[in-house]
Amino acid sequence: KGMENGTLQVPASATLPGAAHLGAVPFAMVGDAAFPLKTYLMRPYPGKYLSHEKRIFNYRLSRARMVVENAFGILASRWRIFYRRINLSPDHVDPLVVTACILHNFLLNPADNQRLLNEAEQQGREMAAVQNMGGNRAGRAAWDVRGILTTFFNSPEGSVPWQDRMV
Numbered sequence: 001k002g003m004e005n006g007t008l009q010v011p012a013s014a015t016l017p018g019a020a021h022l023g024a025v026p027f028a029m030v031g032d033a034a035f036p037l038k039t040y041l042m043r044p045y046p047g048k049y050l051s052h053e054k055r056i057f058n059y060r061l062s063r064a065r066m067v068v069e070n071a072f073g074i075l076a077s078r079w080r081i082f083y084r085r086i087n088l089s090p091d092h093v094d095p096l097v098v099t100a101c102i103l104h105n106f107l108l109n110p111a112d113n114q115r116l117l118n119e120a121e122q123q124g125r126e127m128a129a130v131q132n133m134g135g136n137r138a139g140r141a142a143w144d145v146r147g148i149l150t151t152f153f154n155s156p157e158g159s160v161p162w163q164d165r166m167v
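In the UniProt record's numbering, the protein residues as written are 1 to 167.
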């Protein structure tokens with residue numbers, strides 16, 4: 001809701017590295033197909049028969065989501081409260097998450113990293129799936145942002161050397 005009504009302190013739109021010609025792009029979160037496409041929330045292109053460029057976008061979005069999911073999985077592995085619904089108002093959930101992150105970092109032993117990641121991968125399958133968060137009809141601006149990111153990820157400035165082998 002904060003993204004929708006502009007109350008979150010998200011940085012202003014900015015140009016992508018080496019791609020000023022694409023214009024300013026809003027900062028966005030990554031989601032899967034359960035989420036609606038918004039200018040601030042990117043989701044993959046749907047379907048099986050996609051162009052190479054769209055498959056690259058989906059791959060790059062998936063890589064970003066995996067980083068977030070691994071980080072959350074490690075946090076949830078240590079603090080099991082994150083494996084179930086938290087019946088608190090958003091005003092109380094934010095400090096809870098921040099506190100868990102601080103405690104996690106304070107208690108962090110480098111040897112625990114792999115163990116926590118392994119636990120997170122095993123137990124992550126037990127977490128409840130996100131229900132569909134809205135319709136699949138996005139506004140023109142959201143389509144445009146996804147198109148700009150698709151162009152960027154397929155350009156020399158925005159590509160990574162291994163992406164073509166991964167799709």
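Here a beta-carbon is modelled for each residue, glycine too, at the ideal position from N, C-alpha and C.
Keep in mind the model is a prediction, meaning the values are calculated, not measured.
With burial defined as no fewer than 16 other Cβ atoms inside 10 Å of the residue's Cβ, what is the status of residue i: buried or exposed?
i: M133; result: Because M133 carries a pLDDT of 46, less than 50, the predicted location of this residue cannot be relied on, and the following value inherits that uncertainty. So M133 counts as exposed.
i: V98; result: exposed
i: R60; result: buried
i: V67; result: exposed
i: V145; result: buried
i: A14; result: exposed
i: A111; result: exposed
i: S89; result: exposed
What is the DSSP secondary structure of residue i, counted as helix, strand or coil?
i: T39; result: coil
i: A28; result: coil
i: L88; result: coil
i: V130; result: Residue placement at V130 is poorly supported in this model, since its pLDDT is 48, which falls under 50; the coordinates are not used for a value here.
i: residue 168; result: A query on residue 168 cannot be resolved here, the shown segment of the chain reaching from 1 to 167 and no further.
i: L107; result: helix
i: L75; result: helix
i: G2; result: helix
i: G147; result: helix
Report the option in the options whose CA atom is closest to the CA atom of residue i.
i: W143; options: Q163, P44 and P95; result: P44
i: G147; options: M42, D94 and P11; result: M42
i: L37; options: V67, A14, A100 and A141; result: A141
i: G23; options: T151, I102 and Y40; result: T151
i: G73; options: A100, M3, V10 and P26; result: A100
i: A33; options: P26, H92, S62 and V10; result: S62
i: E69; options: D94, P90, G31 and S89; result: G31
i: N5; options: S89, Y40, L75 and D164; result: Y40
Straight-line CA distance for residue i to residue j?
i: G18; j: E157; result: 6 angstroms
i: L159; j: S51; result: Inspection of the sequence shows that residue 159 is occupied by Ser rather than by Leu. In a straight line, the C-alpha of S159 is about 16 angstroms away from that of S51.
i: K54; j: W79; result: 37 angstroms
i: N58; j: K48; result: 11 angstroms
i: F153; j: I56; result: 7 angstroms
i: A20; j: I102; result: 37 angstroms
i: Q9; j: H92; result: 18 angstroms
i: F27; j: D94; result: 20 angstroms
i: M3; j: F82; result: 22 angstroms
i: F106; j: P161; result: 36 angstroms
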